[in-house]
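A.B. asks: As they're listed, the protein sequences go chains A and B.
So for the first sequence, this note's numbering puts the first residue at 137; every next one is plus one.
So for the second sequence, this note's numbering puts the first residue at 2; every next one is plus one.
Built from N, CA and C at the ideal position, the CB exists for glycine as well.
Predicted model only: the values in this text are computed from it and were never measured.
Before I ask anything, let me first share the structure, which is written out below as structure tokens.
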Amino acid sequence: MTRSYLGELELMVLLAIARLGDDAYGVPISKELLTFAQREVSLGSIYAALERLESKGFVSYSLGEPTPERGGRAKRYFRVTDSGGRALKMTRAALTRLWSDIPQLQGGDS
Amino acid sequence: MTDKKVNPPSSAVWLLRHTFPGYHNEALTGDLIEKFHEGQTRRWFWAQVFFASAVAALRAIRRRWSFFCYAVAGTIAQYIFEYTNALGQVSTLLRWNELPWPLSQFVFELSVPAIAALSSLSVLARGLLIARSFRWAYLLRTCIVTLVLITMLHFSTDVFPWLLRPVPGNPYLKVFIIPRSIQVLLLASAYLVAAWLGCPLEEHARGSEGRSEGPQQARID
Chain A
137 MTRSYLGELE LMVLLAIARL GDDAYGVPIS KELLTFAQRE VSLGSIYAAL
187 ERLESKGFVS YSLGEPTPER GGRAKRYFRV TDSGGRALKM TRAALTRLWS
237 DIPQLQGGDS
Chain B
2 MTDKKVNPPS SAVWLLRHTF PGYHNEALTG DLIEKFHEGQ TRRWFWAQVF
52 FASAVAALRA IRRRWSFFCY AVAGTIAQYI FEYTNALGQV STLLRWNELP
102 WPLSQFVFEL SVPAIAALSS LSVLARGLLI ARSFRWAYLL RTCIVTLVLI
152 TMLHFSTDVF PWLLRPVPGN PYLKVFIIPR SIQVLLLASA YLVAAWLGCP
202 LEEHARGSEG RSEGPQQARI D
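Rendered as structure tokens:
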């Protein structure tokens, strides 16, 4: 069985979806990345990451209603799947292990 | 308020629709329009569209790398065969002069490009096998489209004679007005378009896949 890993942007997008809960579509995801990761990511890159996450089975989506302020286009709400949740936990565990007992970094606090 | 400030540039929306394929197109367009109505500028909108198009192009290249290998192999093969005259006797072996016109002309002029195209099909076949999307029908379709496009390119000077200009000092000799680099790009594009039309990858079929009406998001604790 092949395992899928998370890239940096994929990890951040997946975390943003998990934080947003039921309101996770393109615009709030990009705002979340800007607010909490100080990363201004274009919407095209976010959708490319979402497509990769979807192909790995880490997110699923449902369609909202089309609205006039979106030019009659429906929102696409994303949610983290069970395997996406497992991938997040595994990534966190791996990063925590890597961070533990790390020697003092130059220019860093830890 | 002017219409320009209320509505996003329609040409940018059109461009996005045609350059960012897939089932996320509508959602992306809607998101961009929503942010535009929140106060973003037309310049920002255009920048987002260009960036999305570039991302889509890179994704397409990564997904269809075998098509690009086919285009490169076909173009190189054709130029090698032509410059080295490696297949110089092919049209003679095919007895082109005994064939009725216009078949004789086709065989005489197109046997080398056709063999280059056929030989580079093996590169495409190998790529499709690696990508696990090999079908004999794809190869056959690509082969036919390639031959049609190469024929069209080859006889373009007969349809558009102004593409040729006489060489100064020799009124009988004419050269193509299109630079060599553009000719190479056109030939490679013909191979690429042929593979694109001949081998439909099943990406749009995923339109409803991934869709979920499930009530709960996975808990991350």
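Compare the C-alpha of I153/A against each of R188/A, K192/A and Y213/A and name the closest.
C.D. replies: Taking the first sequence and counting its residues from 1, one reaches residue 153/A at position 17. Nearest option by C-alpha distance: Y213/A.
A.B. asks: Between T30/B and chain A, is there a C-beta pair that is closer than 8 Å?
C.D. replies: Numbered from its first residue, the second sequence carries residue 30/B at position 29. So yes, T30/B belongs to the interface.
A.B. asks: For K36/B and L169/A, what's the separation of their Cα atoms in angstroms?
C.D. replies: Position 35 of the second sequence, counted from the first residue, corresponds to residue 36/B. Position 33 of the first sequence, counted from the first residue, corresponds to residue 169/A. Distance between the alpha carbons of K36/B and L169/A is about 15 Å.
A.B. asks: For I34/B, count neighbouring C-beta atoms within 10 Å of its own C-beta (all shown protein chains included) and say buried if the count is 16 or more, exposed if not.
C.D. replies: Numbered from its first residue, the second sequence carries residue 34/B at position 33. Buried, by the Cβ-count rule.
A.B. asks: Can you confirm whether the segment 184 to 201 of chain A touches the segment 213 to 229 of chain A when touching is taken to mean that 3 or more C-beta pairs between the two stretches lie within less than 8 Å?
C.D. replies: Yes, they touch.
A.B. asks: Identify the contact partners of H25/B in chain A, using a Cβ-Cβ distance below 8 Å as the criterion.
C.D. replies: Translated into positions along the second sequence, residue 25/B becomes position 24. In chain order: Y183, L186, E187 and R212.
A.B. asks: Note down, in chain order, each residue of its chain lying with its Cβ closer than 8 Å to the Cβ of Q174/A, except the 5 sequence neighbours on either side.
C.D. replies: Against the first sequence, residue 174/A aligns to sequence position 38. Closer than 8 Å at the Cβ level, and outside the excluded window around Q174/A, lies no residue.
A.B. asks: Roughly how many angstroms lie between the CA atoms of L231/A and L147/A, to the nearest whole one?
C.D. replies: For this step, residue 231/A is matched to residue 95 along the first sequence. For this step, residue 147/A is matched to residue 11 along the first sequence. Cα to Cα, L231/A sits roughly 12 Å from L147/A.
A.B. asks: Chain B beta carbons: is any one of them nearer than 8 Å to that of E144/A?
C.D. replies: Numbered from its first residue, the first sequence carries residue 144/A at position 8. Not an interface residue.
A.B. asks: Out of P114/B, A132/B, T158/B and S105/B, state which residue places its alpha-carbon closest to the alpha-carbon of C144/B.
C.D. replies: Position 143 of the second sequence, counted from the start, is the residue given in the question as residue 144/B. Closest by alpha carbon: P114/B.
A.B. asks: Please confirm whether A191/B and F68/B have their CB atoms less than 8 Å apart.
C.D. replies: Translated into the one-based positions of the second sequence, residue 191/B becomes position 190. Translated into the one-based positions of the second sequence, residue 68/B becomes position 67. Not closer than 8 Å, so no.
A.B. asks: Rank K175/B, P10/B and R64/B by C-alpha distance to the C-alpha of L46/B and give the top, closest one.
C.D. replies: The count along the second sequence starts at 1 and reaches residue 46/B at position 45. Sequence inspection shows Phe at residue 46/B; the Leu mentioned does not correspond to that position. For F46/B, the nearest C-alpha among the options comes from P10/B.
A.B. asks: Can you tell me whether DSSP reads L151/A as helix, strand or coil?
C.D. replies: Along the first sequence, read from residue 1 onward, the residue named residue 151/A stands at position 15. Three-state DSSP puts L151/A in a helix.
A.B. asks: On the DSSP bridge list, what partners appear for V176/B?
C.D. replies: Within the second sequence, the letter at position 175 stands for residue 176/B. Looking at the DSSP assignment, V176/B forms a beta bridge with R166/B.
A.B. asks: List, in chain order, every chain B residue whose beta-carbon is nearer than 7 Å to that of V163/A.
C.D. replies: Against the first sequence, residue 163/A aligns to sequence position 27. Those within 7 Å of V163/A in chain B are D32, E35 and K36.
A.B. asks: In this structure, what does DSSP give as the bridge partners for L199/A?
C.D. replies: On the first sequence, residue 199/A is found 63 positions in, with the first residue counted as 1. R212/A.
A.B. asks: Grab the span of the alpha helix (DSSP H) containing K192/A for me, first residue to last.
C.D. replies: Against the first sequence, residue 192/A aligns to sequence position 56. No alpha helix (DSSP H) contains K192/A, which DSSP labels as neither H nor E.
A.B. asks: Give me the chain A residues within the contact set of A58/B, using Cβ-Cβ distance strictly less than 8 Å, ordered along the chain.
C.D. replies: Locating residue 58/B in the second sequence gives position 57, where the first residue counts as 1. Near A58/B there are no residues of chain A at all, since even the closest Cβ is about 11 Å away, more than 8 Å.
A.B. asks: Assign V7/B to one of two classes, buried (16 or more other C-beta atoms within 10 Å of its C-beta) or exposed (fewer than that).
C.D. replies: Taking the first residue of the second sequence as 1, we reach residue 7/B at position 6. Exposed is the call here.
A.B. asks: A236/A lies in the alpha helix (DSSP H); which residues open and close that run?
C.D. replies: Residue 236/A sits at position 100 when you count from the first residue of the first sequence. According to the sequence provided, residue 236/A is Ser. The question's Ala does not apply to it. Careful: S236/A lies outside any alpha helix (DSSP H) and carries neither H nor E.
A.B. asks: What does L179/A touch in chain B if you count any residue whose Cβ is under 8 Å from its own?
C.D. replies: Taking the first residue of the first sequence as 1, we reach residue 179/A at position 43. By Cβ distance, chain B contributes L29, D32, L33, K36, Q49 and A53.
A.B. asks: Would you kindly check if the distance between the Cβ of A53/B and the Cβ of S178/A is under 8 Å?
C.D. replies: Stepping through the first sequence from its first residue, residue 178/A is reached at position 42. Stepping through the second sequence from its first residue, residue 53/B is reached at position 52. Contact flag set, yes.
A.B. asks: Less than 8 Å separating the beta-carbons of G162/A and D32/B?
C.D. replies: Against the first sequence, residue 162/A aligns to sequence position 26. Against the second sequence, residue 32/B aligns to sequence position 31. Cβ distance < 8 Å, so G162/A and D32/B count as in contact.
A.B. asks: Below 8 Å CB to CB, which residues in the same chain sit around S140/A once its five sequence neighbours on both sides are set aside?
C.D. replies: The sequence position of residue 140/A within the first sequence is 4, counting from 1. Excluding residues within five positions, the ones whose Cβ falls inside 8 Å are K192, G193, F194 and A223.
A.B. asks: In or out: G40/B buried (at least 16 other Cβ within 10 Å) or exposed?
C.D. replies: For the purposes of this step, residue 40/B is taken as the residue at position 39 of the second sequence. Exposed is the call here.
A.B. asks: Spatial neighbours of L156/A within its chain, please: C-beta separation below 8 Å, excluding the five flanking residues on both sides.
C.D. replies: As a first step, residue 156/A is located in the first sequence; it is residue number 20 there, counting from the start. P164, I165 and E168, listed in sequence order.
A.B. asks: Beta-carbon of F21/B versus every beta-carbon of chain A: anything under 8 Å?
C.D. replies: Numbered from its first residue, the second sequence carries residue 21/B at position 20. It does; some Cβ of chain A falls within 8 Å.
A.B. asks: Starting from Q106/B, follow the alpha helix (DSSP H) in both directions and report where the run begins and ends.
C.D. replies: Position 105 of the second sequence holds residue 106/B. It spans L104 to I131 - the alpha helix (DSSP H) in which Q106/B sits, taken as one unbroken run.
A.B. asks: What number of angstroms, rounded off, separates the C-alpha of W15/B from the C-alpha of P101/B?
C.D. replies: Here the question's residue 15/B lines up with position 14 in the second sequence. Here the question's residue 101/B lines up with position 100 in the second sequence. Going from the Cα of W15/B to the Cα of P101/B covers about 48 Å.
A.B. asks: What span of residues does the alpha helix (DSSP H) with V149/B cover, start to end?
C.D. replies: The sequence position of residue 149/B within the second sequence is 148, counting from 1. That run of the alpha helix (DSSP H) goes W137 to H155.
A.B. asks: Are the CB atoms of F21/B and A72/B within a distance shorter than 8 Å?
C.D. replies: Taking the first residue of the second sequence as 1, we reach residue 72/B at position 71. Taking the first residue of the second sequence as 1, we reach residue 21/B at position 20. The answer is no: Cβ separation not under 8 Å.
A.B. asks: Are the CB atoms of L125/B and L140/B nearer to each other than 8 Å?
C.D. replies: Taking the second sequence and counting its residues from 1, one reaches residue 125/B at position 124. Taking the second sequence and counting its residues from 1, one reaches residue 140/B at position 139. Contact flag set, yes.
A.B. asks: Might you give, ordered along the chain, the residues of its own chain that have their beta carbon closer than 7 Å to the beta carbon of R233/A, omitting 5 neighbours on each side?
C.D. replies: Translated into positions along the first sequence, residue 233/A becomes position 97. There are no such residues.
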